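If you count the sequence shown from 1, position 240 lands on 240 in the UniProt record's numbering, and the numbers rise without skipping. Structure record follows, encoded as structure tokens.
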Amino acid sequence: MEKSGTQTPLSLAAAKAVRTYAATTRSALGSAEAPVISYAGLWLLLASLAPAAETETDEILGLNRADARAAALALLESPHPTIGAAVAGWLRPGVELTKALPIMLDPLPEQAGLDAWADEHTRGLITEFPLEIDPWTLLVFASALVVTPRWSEPLDDDGDGLLLLEGGFQAVVETEAAGPVAVACPPSEDGISVYSVIAANGVAADDVWRAAEEVVRRVDAGEVQNRTFDPGDAGTGHAWTVREVTAFGSAPADRWRSHLPEWSAEDRHDLAAAPGVAEIAGGVMAAIETDTEAVCVQKAVASYDREGFKAAAVTGMMVRAATGAPRETTVRQIDLRFDRPHAVVAVARGGAWEGIPLFDSWVTPA
């Protein structure tokens, strides 16, 4: 839970901007129950491209175009013990732009080249780029974000199939958004705090996220201390029990233990409706004279185990020639399955042989 480095006014503004962007994007996408998603990865890509937007970005990204770009560059150029971040762009050879774009562009590689970029910049956690290029692909941008903190000490097994945390940050906190919540964060010396926050059954996922944001904000402000127990009733709650146990030696007044699941997840998100994507993609498309359209997607993975936490996301934006882009339509899908014995007949067509069955076969699938 240690904080490393010194924050500048711009980095403080960027942190606030990303937190706000995460909340608004979660609401816009309805992604409160997504298995894993990186709003920061999307923000990093959009902020890097912000100068291409044709209007200011304060209300979307939380910073104006110049400051958003400067904040993104500062993040990309700032070393961190466990965070890896990268932004890149590729242009199909022969395509001419009418204006310069904020990201340096390399020649568009084959799909294997984009896959290799994703693999390299996510430490092998994502081996396939989230977008497939085709002959109509003109321009591709991407951000990669990866974190791999390890716990200071491996977590134990609680004997019931869960991980056991006896140190780190543990608390029960009364929140405005979701009432009392339980919070657990294993200790790590890698500059990443991984909070688990659980609310009562029936609390909407959006409210749990708001409670988590509230808890982190209050912890950072020093308003919530480790081993805080807020509820007035010290008895059993929705995610905790309180009982007396026998301790020996100089034991603390309270003994805290959290039982946490080991888990892994991966997900893919269509980000077309995310705040800022249409505005910034529109500014990018304005640099190409032909009719174009853009898509924006993200692939994300995460895992939590006794050793630590790993998560990575690759966010890709692709500009394609509109004439070659597939259009959505609605059709009936009818599936015929020939997986039992059936007949096959070969019939002649044309001339004197028209309509003559030439060969019959009874096919018995293996």
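Every residue, glycine too, gets a C-beta built ideally from N, C-alpha and C. It should be emphasised that the depicted structure is a prediction, and the values quoted were computed from it without experimental measurement.
Asked                                                                                                                    : Found
Test item: CB-CB of R69 and E56 under 9 angstroms                                                                        : no
Own chain, CB closer than 7 angstroms to A53, minus 5 neighbours either side, in chain order                             : R65, E279, I280 and G283
For D157: DSSP bridge partner residues                                                                                   : L163
Beta-carbon proximity check, S196 vs L260, cutoff 9 angstroms                                                            : yes
CB of E166 within 9 angstroms of CB of D157, strictly                                                                    : no
Limits of the beta strand (DSSP E) - the one that L260 falls within                                                      : S258 to L260
Three-way DSSP call (helix, strand, coil) for R210 in this model                                                         : helix
Proximity of H269 and A71 at Cβ, strictly below 9 angstroms                                                              : no
Three-state secondary structure (DSSP) of A15                                                                            : helix
8 angstroms contact criterion, which A312 and L29 should meet: CB distance rounded                                       : Not really, about 19 angstroms apart at Cβ, beyond 8 angstroms.
Which residues DSSP lists as bridging T148, in chain order                                                               : Per DSSP, none; premise fails for T148.
Assigned exposure category for K310 - 16 Cβ within 10 Å defines buried                                                   : buried
Backbone CA spacing between F141 and L125 [nearest angstrom]                                                             : 19 angstroms
Cα-Cα separation, V219 to V183                                                                                           : 11 angstroms
Opening and closing residue of the alpha helix (DSSP H) in which Y39 lies                                                : Y39 to L49
Whole-angstrom distance between G308 and E262, CA atom to CA atom                                                        : 10 angstroms
Coil, strand or helix - I103 by DSSP                                                                                     : coil
V215, DSSP secondary structure in three states                                                                           : helix
Range covered by the alpha helix (DSSP H) that runs through V121                                                         : The amino acid at residue 121 is misidentified as Val; the sequence shows His. Residues Q111 to H121.
Buried/exposed call for T122, threshold 16 Cβ in 10 Å                                                                    : buried
Identity of the residues DSSP links to D267 by a beta bridge                                                             : A300
Close-in-space but distant-in-sequence residues of the same chain around A205 (CB under 7 angstroms, 5 per side omitted) : A32 and E33
Same chain, Cβ closer than 6 angstroms to K99, neighbours up to 5 away in sequence not counted                           : A287
C-beta contact flag for L271 and V297 at 9 angstroms                                                                     : yes
Whether A239 touches R210 by CB criterion (9 angstroms)                                                                  : no
Rounded Cβ spacing between L138 and V319 (contact assumed at less than 8 angstroms)                                      : 5 angstroms
Sub-9 angstroms separation of V215 and V173 beta-carbons                                                                 : yes
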